[in-house]
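Here's the structure, in structure tokens; my notes come after.
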Amino acid sequence: MLRLSRVSLNIPAPARSFSSTPIIQAGHSKWANIKHDKARNDAIKNKVANKMAKAIAVAAKLGGPDPTKNVRLAAAMEAASKANVVKKVIENAVRRGAGISNSPGEKTAVETVVYEGVTVGNVSLVVEALTDNKNRTFSAVRAAFTKYGGNLPSPTGFLFERKGFIVIEKGDKTYDDVFEEVVDLGAEDLEEIVNDEGVELLEISTGFNDTGSIANQLKELQYNIKEVGTSYVPNEDALIEIRDPDVMERYNKFIATLDEIDDVTDYYTTLKEVE
């Protein structure tokens, strides 16, 4: 699930001095640090807003632009609102996903595309994108792979299994009560999770084709749905560790480059985290 990074401002106090000049310099340094921290926080907020906008656009593309009829879209829009993503960004994301142009009466055809490739450390990826120009998007994604010595396209989909997930609030029910209900609806598993804000939630694992119907049934049962989505889960025997710090640094730079591509909505890897 999407987790929001929290950043605290840690602004050093001006150093004491017996002369007037250092005091002025310290004050200047303080405001410089404030500006630096604000820029950093703004960048993080923009990154979160951009990621949420992509989730909204994908939901609108897959289930339509009406949140009353699209549980996945409703959950994505609610999450964005709570993260203080501005209304216009949310509305534009819905319009983009639905293929609605900003010009009245016009439509822009968008489609979801999937790329498979191998990157730094022989890590395999599946990359999802939402685009109105497949040639542009493919060129941008391939350039990211090529820059870091990877290969695209390269078949990797067989290393993953498509799954769905639904995140809900438990409410006043016990884990066992919820487990029995969701299994009866066709869910595969139920896991207790805690988000970055310390809120206890439940994540339901579903078959890829069952996610939407189970989410709709949960809505009818008055569950508060926080997130709905699908993912590519790597097979256990496909996981790869990167222990070399230099290789890991290059891998992180590749991921950062991939993140900068506007059309890319998500990606899944076979990287195994080293504890």
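Following UniProt numbering, the numbering of the sequence shown begins with 1 at its first residue and continues without gaps. Think of the CB as a built atom: it goes at the ideal place given N, C-alpha and C, for glycine as much as any other residue. Because the structure is a prediction, the values reported are computed rather than measured.
Of the listed residues Asn209, Ile166 and Phe158, nearest to Gly236 (C-alpha basis):
Within the sequence shown, numbered from 1, the residue matching residue 236 stands at position 236. Checking the sequence shown, residue 236 turns out to be Glu, not Gly. Nearest option by C-alpha distance: Phe158.
Ordered along the chain, which non-local residues of its own chain (more than five positions away) have a Cβ less than 8 Å from that of Thr230?
Numbered from 1 along the sequence shown, position 230 holds the residue referred to as residue 230. Taking C-beta separations shorter than 8 Å and ignoring five residues to either side along the sequence, the partners of Thr230 in its chain run Arg162, Lys163, Gly164, Phe165, Phe208 and Thr211, following chain order.
In the DSSP assignment, what are the bridge partners of Phe165?
By one-based count along the sequence shown, residue 165 stands at place 165. Answer by DSSP bridge pairing, in chain order: Ser205 and Gly229.
Please determine if the segment 212 to 228 and the segment 75 to 84 are in contact, where contact requires at least 3 C-beta pairs separated by less than 8 Å.
Taking 8 Å as the limit for Cβ pairs, the verdict is that the segment 75 to 84 does touch the segment 212 to 228.
Cβ contact check for the segment 83 to 90 and the segment 119 to 139: 3 or more pairs under 8 Å
no
Note down the Cα distance separating Asp196 from Ala79, rounded to an integer number of angstroms.
Reading the sequence shown from its first residue, position 196 is the one you call residue 196. Reading the sequence shown from its first residue, position 79 is the one you call residue 79. Going by the C-alpha atoms only, they are around 13 Å apart.
Please confirm whether Ser154 and Glu116 have their CB atoms less than 8 Å apart.
For the purposes of this step, residue 154 is taken as residue 154 along the sequence shown, with counting starting at 1. For the purposes of this step, residue 116 is taken as residue 116 along the sequence shown, with counting starting at 1. Their beta carbons are under 8 Å apart, which means Ser154 touches Glu116 by this criterion.
Can you give me the start and stop residues for the beta strand (DSSP E) that Val194 sits inside?
Residue mapping note: residue 194 aligns to position 194 of the sequence shown, counting from 1. Where Val194 is concerned, the enclosing beta strand (DSSP E) stretches over Asp189 to Val194.
Local conformation of Tyr251 per DSSP, three classes:
As a first step, residue 251 must be located in the sequence shown, where it is residue number 251. The DSSP-derived three-state label of Tyr251 is helix.
Quick one: using the 10 Å Cβ neighbour count with 16 as the cut-off for buried, is Pro245 buried or exposed?
Residue numbering aside, residue 245 sits at position 245 when the sequence shown is read from its first letter. Looking at its Cβ environment, which holds fewer than 16 other Cβ atoms inside 10 Å, Pro245 is exposed.
Glu181 to Gly150 span [Cα, whole Å]:
The residue you call residue 181 lines up with position 181 of the sequence shown. The residue you call residue 150 lines up with position 150 of the sequence shown. Distance between Glu181 and Gly150, taken at the CA atoms: about 45 Å.
Count the other C-beta atoms from every protein chain shown that fall within 10 angstroms of the C-beta of Val200, then say buried if there are 16 or more, exposed otherwise.
Here residue 200 corresponds to residue number 200 of the sequence shown, with the count starting at 1. Strictly speaking, residue 200 in this sequence is Glu, with Val absent from that position. By the 10 Å Cβ count, Glu200 comes out exposed.
Could you say which of Leu271, Glu227 and Asp259 lies nearest to Glu241 if we only look at CA atoms?
Residue mapping note: residue 241 aligns to position 241 of the sequence shown, counting from 1. Here the closest residue by C-alpha is Leu271.
At which residues does the beta strand (DSSP E) containing Thr112 begin and terminate?
Counting from 1 along the sequence shown, the entry for residue 112 is found at position 112. Taken as a continuous stretch (DSSP letters only), the beta strand (DSSP E) holding Thr112 covers Glu111 to Val118.
Start-to-end residues for the beta strand (DSSP E) that takes in residue 300
Because the chain spans 1 through 275 in this model, residue 300 falls outside it and cannot be assessed.
According to the neighbour-count rule (16 or more other Cβ atoms, all chains shown, within 10 Å of its Cβ), is Lys54 buried or exposed?
For the purposes of this step, residue 54 is taken as residue 54 along the sequence shown, with counting starting at 1. Lys54 is buried by the Cβ-count criterion.
Cβ of Ala83 within 8 Å of Cβ of Val48?
As a first step, residue 83 must be located in the sequence shown, where it is residue number 83. As a first step, residue 48 must be located in the sequence shown, where it is residue number 48. Yes. Within cutoff.
Terminal residues of the continuous alpha helix (DSSP H) containing Thr131?
Mapped onto the sequence shown, residue 131 falls at position 131. No alpha helix (DSSP H) holds Thr131; the beta strand (DSSP E) holding it covers Ser124 to Thr131.
I'd like the list of long-range same chain contacts for Ile261, defined as Cβ closer than 8 Å, with 5 residues on each side in sequence excluded.
Translated into the one-based positions of the sequence shown, residue 261 becomes position 261. If we look at Ile261 and ignore the five residues flanking it on each side, its Cβ neighbours are Ala129, Thr137, Ala140, Val141 and Ala144.
Do you know how far the Cα of Val58 is from the Cα of Thr114?
As a position in the sequence shown, residue 114 is number 114, starting the count at 1. As a position in the sequence shown, residue 58 is number 58, starting the count at 1. According to the sequence displayed, residue 114 carries Val and not Thr. Cα to Cα, Val114 sits roughly 13 Å from Val58.
From Lys134, Leu202 and Ser101, residue whose alpha carbon lies closest to that of Ala187:
Within the sequence shown, the letter at position 187 stands for residue 187. Of Lys134, Leu202 and Ser101, the residue nearest in Cα terms is Leu202.
Rounded C-beta distance between Glu169 and Asn135? I'm assuming under 8 Å.
Against the sequence shown, residue 169 aligns to sequence position 169. Against the sequence shown, residue 135 aligns to sequence position 135. So it is not a contact: roughly 43 Å between Cβ atoms.
DSSP state of Lys173 mapped onto helix, strand, coil:
Here residue 173 is taken as the residue at index 173 of the sequence shown, counted from 1. DSSP places Lys173 in coil when its eight states are reduced to three.
Spatial distance of Tyr268 from Thr156 (CA atoms)
For the purposes of this step, residue 268 is taken as the residue at position 268 of the sequence shown. For the purposes of this step, residue 156 is taken as the residue at position 156 of the sequence shown. Distance between the alpha carbons of Tyr268 and Thr156 is about 11 Å.
Could you tell me the boundaries of the alpha helix (DSSP H) in which Ala137 lies?
In the sequence shown, residue 137 corresponds to position 137, counting from 1. The question names Ala, but residue 137 is Thr in the sequence shown. Here the alpha helix (DSSP H) through Thr137 covers Lys134 to Lys147.
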